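Number of protein chains: 2
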Amino acid sequence: MDSQPTAVQRPIQLRIADDLRMSIESGELRPGDALPTLGEITERWSCSMNSARAAVALLKSQGLITSGRGKAPRVREALPRVVRSSERHQEEKDLAARPMRERASTGEAETTMGMSIQDQAFTSQYDTVEATDDLARVLDVPSGEPLLRRRYQARDVSAGRLLSSSVSYIPRGLVDGNPAILDEENEPWPGGTQHQLSTVGVEIMQVVDEVTGRMPTTAEAQEWGLPEGVPLLICRRISLDGDGKAVEISDATYPADRTELRFVIPLRPWQTYPPNDYPGKGEAA
Amino acid sequence: MDSQPTAVQRPIQLRIADDLRMSIESGELRPGDALPTLGEITERWSCSMNSARAAVALLKSQGLITSGRGKAPRVREALPRVVRSSERHQEEKDLAARPMRERASTGEAETTMGMSIQDQAFTSQYDTVEATDDLARVLDVPSGEPLLRRRYQARDVSAGRLLSSSVSYIPRGLVDGNPAILDEENEPWPGGTQHQLSTVGVEIMQVVDEVTGRMPTTAEAQEWGLPEGVPLLICRRISLDGDGKAVEISDATYPADRTELRFVIPLRPWQTYPPNDYPGKGEAA
DNA sequence: GAGTGGTCTAGACCACTGT
DNA sequence: CAGTGGTCTAGACCACTCC
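Going down the list, the sequences are from chains A and B. Heads up: the first sequence is residues 2 to 286, going by my numbering. Heads up: the second sequence is residues 2 to 286, going by my numbering.
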């Protein structure tokens, strides 16, 4: 009579975690507040230490709370989100057509995120790699074709943690015409990639951003200084020329707890205003 | 001599997890392959069951492996990703201007994702809510202003799991002019929201998508049938009229392991081709 | 130094999978 | 039914925080 066919009894750790979550969502526990200690949990729910731990660990893995040795776990406070807008693509294109003085001055200020520029360390590494099947398909070149790979990172100087990270791929055949592009000593190039490509006769006419997400590896979490339970946003930017041919791929990762990707899409006006009819129209008043 | 000041010894669970991860990344363990059993792990790394569990649990929380009672944990196989493209916004706008017959036929086929339409159950619920501070700010109305809230869900009929879920908010003041819009019995409305708004004289001229991500709650993971370690993509779509005024907000959630959000951004052509100059240009040959 | 959480062990019971 | 992983307990040691 008492035993249900499924879910005989919800595991104690889940019940604890749900109760705690409700305390948080109801506002009983506010961001920054400390959770009950493990000892208190064992008492209140009459369970073992390990079950109490498991409950807290679950909430941690869901990104709800912070933790640390010897410190009481606390309800996580939301970080301000840095907005990365798709409008930057057009701005960079406009900039590329400006005189060099102007291009040089506007250069890398883009990457600031509430930090002054001297607190950040920028690195760029150039090399040539063979196109993987994945990259070759998008760039429409044979697998194994040589690609110029450029890796960019910005780090917080004091904490040593990653602030931004991206990898760009361009077919060598496209840029071999201008050896200056192949030299990482020329970074930061005034006017960015779009100006670089202009020197070999390429104009980017369309950008496609492909966004998805996943959990970081242990190593990634450490490099970014990510708390547990924070996913990464994965963004692949494909730049196309006037013929719709992909000329550059740029893969970037962003911590989801402090990033918002914004895409602004203009729509063409209606040529004729939509007809004002629909099912039920004019039936009952 | 042997004891370092920090990180005296990396926790055994992390070492196990890293070793297993390397096996996966090197291709030694391929997608679908079973991991070593807990017993084997305790032997190979001479640790306790719980440490072996902890290592496997870590990989699970990073989305690398699947698991289940009595079943060996396996290397997760990537799911095919459903692409949601920003080009749909323009397509929906174009459709709204078509005759009703055409609008009605193209209606809801959009949501298919490799499933036939009769395997899916669509629900829509309408009600009126007061604008939260958050919504009010974006829609530029006073807090507490009445909003038409429309909740849409699609479910896999056989498994009962969520396939898509979104919530839309429109100020009541905008749509009160056409009571038909307030009636959920009129779903699916032929031509969608953009046609609905056209009946009260509103034309969407710009769409802004704001994308971020987070881990699902326990309840969300269950509703979507999400394996552990899979984040949600959070997408807020803001529709603007010709004056740049926000007229609709639509919040949607997507499982990151089976979704790709794609944004296509056209760029305006250069008016003047960029000058071919940069630092170092013409110095050494 | 007292109290906290992080790591780890040993051992138990149960639900489920596969044969 | 044997073997597996999921849940849970009790108890230990250590690193760290805060007082």
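We put the CB at the ideal spot given by N, CA and C, even for glycine. Every value quoted in this text rests on a predicted model; they were computed, and no experiment measured them.
Using the C-alpha atoms, what's the distance from residue j back to residue i?
{"i": "R31 (chain A)", "j": "W271 (chain B)", "result": "51 Å"}
{"i": "C236 (chain A)", "j": "T213 (chain A)", "result": "7 Å"}
{"i": "I239 (chain A)", "j": "V209 (chain A)", "result": "5 Å"}
{"i": "E67 (chain A)", "j": "W225 (chain A)", "result": "A small fix is needed here, since residue 67 (chain A) is Thr in this sequence, not Glu. Straight-line Cα distance between these residues: approximately 16 Å."}
{"i": "A137 (chain A)", "j": "G281 (chain A)", "result": "53 Å"}
{"i": "V142 (chain A)", "j": "G174 (chain A)", "result": "10 Å"}
{"i": "A257 (chain A)", "j": "L233 (chain B)", "result": "10 Å"}
{"i": "R162 (chain A)", "j": "E261 (chain B)", "result": "28 Å"}
{"i": "P6 (chain A)", "j": "R75 (chain B)", "result": "Interpretation of P6 (chain A) is limited by its pLDDT of 38, a score under 50 that renders its predicted location unreliable; the figure taken from the coordinates is listed afterwards. Whole-angstrom Cα-Cα distance: 27 Å."}
{"i": "R269 (chain B)", "j": "R89 (chain A)", "result": "13 Å"}
{"i": "S297 (chain A)", "j": "A155 (chain A)", "result": "Lying outside 2 to 286, the shown extent of chain A, residue 297 (chain A) is not represented and no answer is given."}
{"i": "K61 (chain A)", "j": "R16 (chain B)", "result": "21 Å"}
{"i": "S27 (chain B)", "j": "V176 (chain B)", "result": "57 Å"}
{"i": "S125 (chain B)", "j": "I182 (chain B)", "result": "13 Å"}
{"i": "M101 (chain A)", "j": "S165 (chain A)", "result": "26 Å"}
{"i": "D184 (chain A)", "j": "R85 (chain A)", "result": "28 Å"}
Measuring only between beta-carbons, confirm whether residue i sits less than 8 Å from chain B.
{"i": "R162 (chain A)", "result": "no"}
{"i": "M2 (chain A)", "result": "Only weak support exists for where M2 (chain A) lies, its pLDDT of 37 falling under 50; the value from the coordinates is given anyway. No, its Cβ sits nowhere closer than 8 Å to a Cβ of chain B."}
{"i": "W225 (chain A)", "result": "no"}
{"i": "Q5 (chain A)", "result": "Residue confidence is low: Q5 (chain A) scores 38 on pLDDT, short of 50, so the model does not pin down where it sits. Its coordinate-derived value is still stated next. Output row for Q5 (chain A): interface = no."}
{"i": "Q126 (chain A)", "result": "no"}
{"i": "S165 (chain A)", "result": "no"}
{"i": "E41 (chain A)", "result": "no"}
{"i": "A98 (chain A)", "result": "yes"}
{"i": "A18 (chain A)", "result": "yes"}
{"i": "A8 (chain A)", "result": "For A8 (chain A), the pLDDT reaches just 43, beneath the cut-off of 50, and the residue's location in the model is therefore unreliable, although a value from the coordinates is still provided. A8 (chain A) does not count as touching chain B."}
{"i": "L175 (chain A)", "result": "no"}
{"i": "A285 (chain A)", "result": "Reliability fails at A285 (chain A), whose pLDDT of 49 lies under 50, so the model's placement of it is uncertain and the value that follows must be treated cautiously. No, A285 (chain A) lies away from the interface with chain B (no Cβ there is under 8 Å from its Cβ)."}
{"i": "L36 (chain A)", "result": "no"}
{"i": "L234 (chain A)", "result": "yes"}
With 8 Å set as the bound, which would you pick, yes or no: does the beta-carbon of residue i sit closer than that to a beta-carbon of chain A?
{"i": "V168 (chain B)", "result": "no"}
{"i": "K94 (chain B)", "result": "yes"}
{"i": "A181 (chain B)", "result": "yes"}
{"i": "F123 (chain B)", "result": "no"}
{"i": "W46 (chain B)", "result": "no"}
{"i": "G230 (chain B)", "result": "yes"}
{"i": "R150 (chain B)", "result": "no"}
{"i": "L15 (chain B)", "result": "yes"}
{"i": "E78 (chain B)", "result": "no"}
{"i": "D244 (chain B)", "result": "no"}
{"i": "T133 (chain B)", "result": "no"}
{"i": "S199 (chain B)", "result": "yes"}
{"i": "E249 (chain B)", "result": "no"}
{"i": "R22 (chain B)", "result": "yes"}
{"i": "A257 (chain B)", "result": "yes"}
{"i": "T67 (chain B)", "result": "no"}
{"i": "T254 (chain B)", "result": "no"}
{"i": "L140 (chain B)", "result": "no"}
{"i": "E204 (chain B)", "result": "yes"}
{"i": "T129 (chain B)", "result": "no"}
Could you list which residues in chain A have their beta carbon closer than 7 Å to that of residue i, in chain order?
{"i": "G193 (chain B)", "result": "Under the 7 Å cutoff, chain A gives no residues; its nearest Cβ is about 11 Å from G193 (chain B)."}
{"i": "M101 (chain B)", "result": "P276, D278, Y279"}
{"i": "T260 (chain B)", "result": "T213"}
Would residue i be called buried (16 or more neighbouring beta carbons within 10 Å of its own) or exposed?
{"i": "D3 (chain A)", "result": "Bear in mind that a pLDDT of 36 at D3 (chain A), under 50, signals an unreliable position, so the model cannot answer this."}
{"i": "S199 (chain B)", "result": "buried"}
{"i": "G217 (chain B)", "result": "With the sequence shown as reference, residue 217 (chain B) is identified as Pro, and Gly is not the correct amino acid for it. P217 (chain B) should be labelled buried."}
{"i": "Q63 (chain A)", "result": "buried"}
{"i": "Y274 (chain B)", "result": "exposed"}
{"i": "T254 (chain B)", "result": "buried"}
{"i": "K72 (chain B)", "result": "exposed"}
{"i": "E211 (chain B)", "result": "buried"}
{"i": "Q10 (chain B)", "result": "exposed"}
{"i": "R70 (chain A)", "result": "exposed"}
{"i": "A53 (chain A)", "result": "buried"}
Residue i touches chain A at which residues, Cβ-Cβ below 8 Å?
{"i": "K282 (chain B)", "result": "A181"}
{"i": "R82 (chain B)", "result": "T213"}
Whose Cβ in chain A lies nearer than 9 Å to the Cβ of residue i?
{"i": "L266 (chain B)", "result": "The sequence as given places Ile at residue 266 (chain B); Leu does not occur at that position. The answer, in chain order, is S87, E88, H90, Q91, Q207, V208, V209, D210, F264, V265, I266."}
For residue i, go through chain B and note every residue whose CB falls closer than 7 Å to its CB, in chain order.
{"i": "Q63 (chain A)", "result": "M216, T218"}
{"i": "R269 (chain A)", "result": "Q91"}
{"i": "S27 (chain A)", "result": "Here the premise fails: no neighbours, minimum Cβ distance about 14 Å."}
Requested in this report: For the stretch 123 to 202 of chain B, list the alpha helix (DSSP H) runs that are entirely contained and at least 4 residues long, ordered along the chain.
Outcome: 134 to 140, 173 to 176, 193 to 199
- Task: Go through the stretch 193 to 279 of chain B residue by residue and report every complete run of the beta strand (DSSP E) that reaches 3 residues or more, in order.
- Result: 205 to 215, 233 to 242, 247 to 256, 260 to 267
ask   = For the stretch 45 to 125 of chain B, which segments carrying the alpha helix (DSSP H) assignment without a break, of at least 4 residues, lie completely within its bounds, in sequence order?
value = 50 to 62, 88 to 97, 101 to 107
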